[in-house]
Amino acid sequence: MRALIAYNTDSEITPTVRTNGILMAQIAPRGGYISGSSSIVSLDAWNWEDAALKADDGLWMNWPSIYRRSGWWAEPGQTERNKNYDGNKAEIEAFLATALAYSQESTPKTTNLKLEAMRGLFDGSKRLYITASYAKEIVESVRTAQKHGIKNIVVVGAEDAWYVKEFLKENRIPVLLANLHRLPGRVEEDVDMPYKLPSLLHKEGILVGLLYDDLKSNRNLPFFAGTAAGFGLEREEALKLITSNTAKILGIEAEVGTLEQGKRATLFVSEGDALDMRTNLVSLAMIDGRKLNLTNKQIRLYEKFRDKYEQQAAPTTETETQQQPIQGRN
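The letter at position 168 of the sequence shown is residue 227 when you use my numbering, and the numbering goes up by one with no holes.
Written out as structure tokens, the structure reads:
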């Protein structure tokens, strides 16, 4: 699946995200073991072709989970071992082996579009984004990819990254931590483990970025970085989690991620601390040097009904004004 062509530049959600200073996004597919190819886009464009900053930058793989969880975050159910884990893993290995063999043929007899999409992984032009949570999943998924000649690997989610930090450092694997505002994945962990994980990994020299994989709430990404700043990470380093670090992980640091001559003029100005939800007030935003309209549907609805009730509360005629009681008179 190619996610780029499904990106809707006219979505009403996009302006709500820009209001908080999020100006670019990676559009990634979901589902299955090999979901498809992702692309990096600007959040102000006429269509998906106009939006594309880096088309088909990588492929997304969902490594099978060792455990099956039930319930939900407020009422977690039982956790059981995935009996099909080894079989699921074998399916992925077989597909990667087939894709590697196909990529070594310059002119295959029969064109296979799925395998064609995988070529970039083996020549280093694309990244493999592996969604994995538990320590064993992280190690086995990376080793499997490396065994098949894939070098540019990013681990996504990575709840157990701290427990395999030496492995990540040794193999120079960057991580994109997802959803910092969550409960710990293990009962024996500190309750604030998700919050301080970016700081712990940064101190170990591991390249860390943040992502929010929930469409309706991804406007809160800056506040993930703010939480990391409150739990051991210096504020400048916390800002890098959603700017320069992420740009390096995605391979677009030559164009964006920092304010430098020769890079795209994609930036925003906040009147307060952009990483604090109490003071994040974006007053100016630009994509490729174009000033953005920072209103959105939610702001328009707020202003509409605010004006309505203000008008209802205020006197509307001279008669009503005269009928208003005068303070201090019986």
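For glycine and all other residues, C-beta sits at the position ideal for the given N, C-alpha and C. Small disclaimer: the values here were computed from a predicted structure and weren't measured.
Put simply, the backbone Cα of Arg294 is about 20 Å away from that of Ile308.
Put simply, the backbone Cα of Ala158 is about 36 Å away from that of Pro243. Arg323 carries a coil assignment under DSSP once its states are collapsed to helix, strand and coil.
For Pro135, the beta-bridge partners assigned by DSSP are Gly130. Residue burial is scored here from C-beta neighbours: Phe364 has fewer than 16 other C-beta atoms within 10 angstroms and is therefore classed as exposed. Taking 8 Å as the upper bound for CB-CB distance, Val215 and Ile189 are in contact here, some 6 Å apart. With distances taken between CA atoms, Ala288 lies nearest to Pro257 out of Arg186, Pro257, Val267 and Asn352. Nearest to Ser192 by C-alpha distance, out of Arg127, Ala133 and Asp249, is Arg127. Around the beta-carbon of Arg278, 16 or more other beta-carbon atoms lie within 10 Å, marking it buried.
In the structure shown, the three-state DSSP call for Val267 is strand.
Each of Glu139, Tyr271 and Ser276 was checked against the Cα of Gly130, and the nearest Cα belongs to Glu139. The shortest C-alpha to C-alpha distance from Thr286 to any of Asp103, Asp335 and Arg245 is the one to Asp335.
Residues of the same chain with a CB within less than 7 Å of the CB of Ala284, apart from the 5 flanking positions on each side, are Leu269, Ala297, Leu298, Leu300, Ile301 and Leu334 in chain order. Scanning the region 175-263 for uninterrupted beta strand (DSSP E) segments of 3 residues or longer gives 186-191, 212-216 and 234-237, listed from N- to C-terminal end. Beta-bridge annotation (DSSP): Lys350 is paired with Met345. Nearest to Gln205 by C-alpha distance, out of Gly310, Asp182 and Gln357, is Asp182.
Val315 has no beta-bridge partner at all, per DSSP. Looking at the DSSP output, Ile72 shares a beta bridge with no other residue. The Cβ atoms of Arg61 and Gly117 do not sit closer than 9 Å to each other.
The continuous stretches of alpha helix (DSSP H) do not include Ser94, which lies in the beta strand (DSSP E) extending over residues Ile93 to Ser101. Beyond the five residues adjoining it in sequence on each side, Met177 comes within less than 6 Å, by CB distance, of Ala158 in the same chain, given in chain order. Residue burial annotation: Tyr361 is exposed, with fewer than 16 other C-beta atoms found within 10 angstroms of its C-beta.
For Gln85, no alpha helix (DSSP H) run applies; the uninterrupted beta strand (DSSP E) run containing it begins and ends at Met83 to Ile86, by DSSP. Here DSSP, grouped into helix, strand and coil, assigns Asp145 to helix.
The secondary-structure analysis by DSSP pairs Met120 across a beta bridge with Ile93 and Ile189. In this structure, the CA atom of Leu280 is about 43 Å from the CA atom of Pro374. Here Val213 is buried, its C-beta having at least 16 other C-beta atoms within 10 Å. When DSSP assignments are scanned along the region 274-301, the uninterrupted stretches of alpha helix (DSSP H) that are 4 or more residues long and fall wholly within it turn out to be 280-289 and 294-299. If the five residues before and after Leu180 are omitted, its C-beta is found closer than 7 Å to the C-beta atoms of Leu118, Leu187 and Ile209, all from its own chain and listed in chain order.
In the three-state reduction of the DSSP assignment, Arg61 falls in the strand class. Counting the other Cβ atoms within 10 Å of the Cβ of Gln163 gives fewer than 16, which makes it exposed.
Of the residues assessed, Trp105 falls on the exposed side of the cut-off, its CB having fewer than 16 other CB atoms within 10 angstroms.
According to the DSSP assignment, Ile358 belongs to the alpha helix (DSSP H) that extends over Lys356 to Ala372.
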